[in-house]
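Notes follow the structure.
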Amino acid sequence: MLRTAGRTLSRALRTSHRTPPPCSAACSQRWFNATGFHRSGHSGELDEFGIATGAEREELEWQKQGKRRFDLEPPRGPFGTKEAPAIVESHYDVRIVGCSGGVGEDEHDVTWFHLEKDQTHECPVCTQVFELKVIGPGGQPGHDEHH
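Residue numbering for the sequence shown follows the working numbering, beginning at 2 and increasing consecutively.
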């Protein structure tokens with residue numbers, strides 16, 4: 002029988018699922034969420050969004066207000082030609098773009114490419130033409146941090 006710190010492994014596993022000890026006497030808000038984590042009114046502990054952080058938490062906070070923080074739908078617009086390219090907006094001088102062709106029978110597997118400022122790009126599969134429109138400060142992605 003395998004032993005851990007003076008106990009058998011099976012006993013250690015049985016006792017590891019016990020309810021955590023109660024909060025200090027000063028804490029009047031004690032309860033457990035569905036995952037069994039102890040929650041209290043103390044700052045830094047779980048709230049209605051659980052352990053969500055960063056972009057996921059932002060999206061949940063916006064959804065609670067009936068809004069969408071991040072648009073996850075691909076942009077749609079007229080098919081880009083040399084005379085009237087499909088405009089792709091970016092806050093930077095370069096952006097990764099995926100072309101899936103036209104609609105219906107004109108669709109193709111996504112072809113990914115770098116679209117750069119002051120250049121057009123023609124999809125090698127469907128010949129759709131794209132152009133980048135910089136709507137922000139420009140520059141390279143990741144180089145806007147302040148030290």
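Even glycine gets a Cβ: it sits at the ideal position worked out from N, Cα and C.
Closest in C-alpha terms to Ser101, from the list Lys83, Glu90, Pro75, comes Pro75. Secondary structure of Gly139 (DSSP, three-state): coil. A Cβ-Cβ distance of about 5 Å is found for the pair Val126 and His109, placing them in contact under the 8 Å criterion. Distances from the CA of Pro86 to each of Arg58, Cys124, Gln141, Gly143 were compared; the closest alpha carbon is that of Cys124. Judged by their CB atoms, Glu117 and Val95 are nearer to each other than the 8 Å cut-off. Taking 8 Å as the cut-off, the Cβ atoms of Thr54 and Val130 do not count as close.
Within a 10 Å sphere around the beta-carbon of His115 sit fewer than 16 other beta-carbons, which makes this residue exposed.
Glu74: not part of any beta strand (DSSP E); DSSP gives it neither H nor E.
With a threshold of 16 other beta carbon atoms within 10 Å, Leu133 meets it and is buried.
For Ala87, the uninterrupted beta strand (DSSP E) run begins and ends at 87-91, by DSSP.
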